[in-house]
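Okay, here's the thing in structure tokens:
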């Protein structure tokens, strides 16, 4: 499944001095200990992708059914499952992904979005809830329509609309009876974009977030459905990210997430009439608001504590929160989580546990609804990520997850791999990481750091790499490799790096700027030049690049200093390049430049392009192939072997 980040158009939300972030204890590298496990062995790569992925779920209006986007067939298609538990029934078959499913209020239709070949020009579709022919509702080749929300009467679908050549996303409404589209917002310039949230229960208003183009400021808005008049609900001084996630059933409250008060995301209730905030829970970690229960008495919210997340329920009457009882790891709402009777649908995963949906009943007991794993993926036999903290070059404390193989001798002979995340504003979390699992089960020690620029640690940390991409954040990656070496397990001459998107960029920068550290690299859809990236990528990206790097004309020196192409002559280690043919975010031209430059200077490079794939890979056979190639590359150049099974 493709996973995108702020740099790559999904709005969420450098100095030498140490960057502030929540306090954490330094980890002694020698405290890492490889455990004995007679069950452990190399995990079959194909099995990792037959452990089914989940890309969104939605309750039926009566709470008896759940629609899930899952890749049972190797494609993310829509399946229906009984909330009481049953074998899933496929609703719609396609070679392309089907996501964003929402059930019509009368329970008869399910609307969803799909693009072709990963090209990200989405259409809105609808399929009968009991099965039948799929209807293309919008059927446009040059406009992307996504993130649909039904009105309470089922007569209209609000959605996000972005023409292919536009920089701004607007909000429009599809009339179910007439099949006509009416635009509600009209951003005439590239300064702002809109993010749809939901309708009011009475159908009079649509709530949304209006975000500036470089994602440094956002505010909650209310749009009158009849007149299209938009009203800002959270005006503020200066720049702050204030976003609405839900409106209460009675229309009194908004669920908000804001960094205005502390510089980090905090969940809050917002009284629409009085225009005041009620902050939910104090925490040194970031919190995010969720949604209201159907009776309006509770609000869900999420705590992100160093890459591990939990869901809480806030009692609006008494102001107290209660943690939802799920296993430790990454617990999230993956779509609208409340059923009509108040039960919760949540997704759980962990480093040794593939994702699955759970239902939390009225008694607070959680019951697993879907099962994704294979017998070969018994959690007891899989390496578990350990959360560690190390100091970087300037004293900044960096959080990271480490996957340590079982049965490993502390003799400094093991190969190591650093796994940079995308973004740059993104976060490595305690999720089921197929790359780390495949490598660690084959004797590689893996580390995935949350370097400066990552989300989850406050805005100061998130912005610490602005105009310094591939600078301080790259040094944080280098110090991750040093942490592995200091553990006593890893050979300093056998360290590689692999990542996708900004992680691919980081792989290129690492092997080019710090060539003595790395023995091999696998870069996936990474950026080689910020100049060519801005020329060939989606138009909306140019505004984000201005935040990260400045103006490409006025700040040409910064663009040069942060582009891997400037340093590519220094690459000495073998490089594998993996790229989707239809990538609109990091276009194929970037990969072609990498391959041509390394070949021209006599370096070792190989490349594979995936047809019908965009930014990241969706199709099971391509996911398997990409990971097999990655493992084989490291086996060859870090171990001296040539085959990955």
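Residue numbers (mature numbering (1 follows the signal peptide of the UniProt record, and there is no 0)): -17 to -1, 1 to 628.
C-beta atoms are modelled at their ideal positions from N, C-alpha and C, and glycine is treated no differently.
How far does the alpha helix (DSSP H) with residue i in it reach, from first residue to last?
i           : result
residue 482 : Where residue 482 is concerned, there is no enclosing alpha helix (DSSP H), although the beta strand (DSSP E) it sits in stretches over 473 to 483.
residue 572 : 571 to 583
residue 614 : 603 to 617
residue 444 : 442 to 445
Taking only the alpha-carbon atoms, compute the straight-line gap between residue i and residue j and give it to the nearest angstrom.
i           : j           : result
residue 589 : residue 481 : 14 Å
residue 292 : residue 161 : 43 Å
residue 14  : residue 535 : 46 Å
residue 154 : residue 109 : 19 Å
residue 235 : residue 256 : 7 Å
residue 296 : residue 425 : 41 Å
residue 598 : residue 300 : 45 Å
residue 432 : residue 375 : 11 Å
residue 233 : residue 253 : 13 Å
residue 24  : residue 34  : 17 Å
residue 628 : residue 608 : The pLDDT assigned to residue 628 is 39, lower than 50, so where the model puts this residue is not dependable; a value taken from the coordinates is nonetheless given after this. Computed Cα separation, rounded: 10 Å.
residue 139 : residue 91  : 14 Å
residue 131 : residue 87  : 11 Å
residue 492 : residue 547 : 5 Å
residue 503 : residue 427 : 13 Å
residue 214 : residue 261 : 21 Å
residue 311 : residue 165 : 45 Å
residue 602 : residue 302 : 45 Å
residue 10  : residue 473 : 17 Å
residue 612 : residue 551 : 23 Å
residue 371 : residue 264 : 26 Å
residue 269 : residue 250 : 8 Å
residue 514 : residue 6   : 38 Å
Going by CA-CA distance only, name the one from the options that's closest to residue i.
i           : options            : result
residue 170 : 159, 556, 193      : 193
residue 459 : 494, 382, 203, 420 : 382
residue 289 : 401, 369, 33       : 369
residue 402 : 393, 408, 422, 601 : 422
residue 21  : 77, 363, 276, 211  : 363
residue 38  : 496, 319, 202, 550 : 319
residue 157 : 51, 23, 167        : 167
residue 107 : 567, 263, 69, 84   : 84
residue 538 : 451, 465, 461      : 451
residue 120 : 137, 80, 163       : 163
residue 41  : 32, 47, 51         : 51
residue 182 : 150, 137, 284, 165 : 137
residue 242 : 443, 329, 177, 113 : 443
residue 519 : 82, 475, 549, 565  : 565
residue 112 : 610, 49, 218       : 49
residue 498 : 478, 513, 603      : 478
residue 217 : 530, 200, 135, 32  : 200
residue 151 : 593, 523, 594, 543 : 523
residue 44  : 135, 116, 123      : 135
Beta strand (DSSP E) containing residue i: first to last residue?
i           : result
residue 268 : Where residue 268 is concerned, there is no enclosing beta strand (DSSP E), given that its DSSP letter is neither H nor E.
residue 463 : Counting along the chain, residue 463 falls outside any beta strand (DSSP E), though it belongs to the alpha helix (DSSP H) covering 455 to 469.
residue 237 : 236 to 241
residue 33  : From DSSP, residue 33 is part of no beta strand (DSSP E) but of the alpha helix (DSSP H) over 28 to 33.
residue 419 : From DSSP, residue 419 is part of no beta strand (DSSP E) but of the alpha helix (DSSP H) over 417 to 423.
residue 592 : 588 to 593
residue 184 : From DSSP, residue 184 is part of no beta strand (DSSP E); its letter is neither H nor E.
residue 210 : Element bounds for residue 210: n/a, residue is neither H nor E.
residue 352 : No beta strand (DSSP E) contains residue 352, which DSSP labels as neither H nor E.
residue 340 : 336 to 343
Using a Cβ-Cβ distance under 8 Å, would residue i count as near chain C?
i           : result
residue 464 : No chain C is part of this structure, which consists of one protein chain only.
Under 7 Å from any heavy atom of the ligand SAM, does the C-beta of residue i make it?
i           : result
residue 563 : No copy of the ligand SAM occurs in the structure displayed, which carries no ligand at all.
### Query
Looking at C-beta atoms only, is the number of pairs between the region 348 to 361 and the region 424 to 442 that lie closer than 8 Å three or more?
no
### Message
What ranges does the alpha helix (DSSP H) occupy inside the region 370 to 409, keeping only unbroken runs of at least 4 residues that lie completely in it?
### Response
none
#### Entry: Three CB pairs or more closer than 8 Å across the region 410 to 429 and the region 331 to 348
yes
### Query
Should the region 377 to 396 be called in touch with the region 560 to 571, which here means at least 3 C-beta pairs below 8 Å?
no
### Message
So within the region 494 to 563, which uninterrupted alpha helix (DSSP H) runs reach at least 4 residues, ignoring any that extend past its ends?
### Response
513 to 519, 524 to 532, 539 to 544
### Query
Any contact of the region 580 to 596 with the region 544 to 557, i.e. 3+ C-beta pairs under 8 Å?
With contact defined as three or more Cβ pairs closer than 8 Å, the region 580 to 596 and the region 544 to 557 are in contact.
### Task
Scan the region 273 to 309 and note each continuous beta strand (DSSP E) run of 3 residues or more that stays entirely inside, going in chain order.
281 to 288, 291 to 298, 304 to 306
### Task
Could you tell me whether the region 487 to 498 touches the region 506 to 520, using the rule of 3 or more Cβ pairs below 8 Å?
yes
### Query
Which runs of the beta strand (DSSP E), 3 residues or longer, sit entirely within the region 88 to 176?
92 to 97, 106 to 111, 126 to 133, 139 to 146, 153 to 158, 164 to 166
### Message
Can you confirm whether the region 216 to 232 touches the region 274 to 285 when touching is taken to mean that 3 or more C-beta pairs between the two stretches lie within less than 8 Å?
### Response
yes
### Task
Report yes or no: do three or more beta-carbon pairs, one from the region 391 to 408 and one from the region 46 to 61, lie closer than 8 Å?
no
### Message
With a threshold of 8 Å, are at least 3 pairs of Cβ atoms found where one atom belongs to the region 97 to 104 and the other to the region 63 to 74?
### Response
no
### Query
Would the region 205 to 224 and the region 181 to 196 be scored as touching if the rule is three or more Cβ pairs under 8 Å?
yes
### Task
Within the region 12 to 76, note down every full beta strand (DSSP E) run reaching 3 residues or more, in order along the chain.
37 to 42, 48 to 53, 60 to 65, 72 to 75
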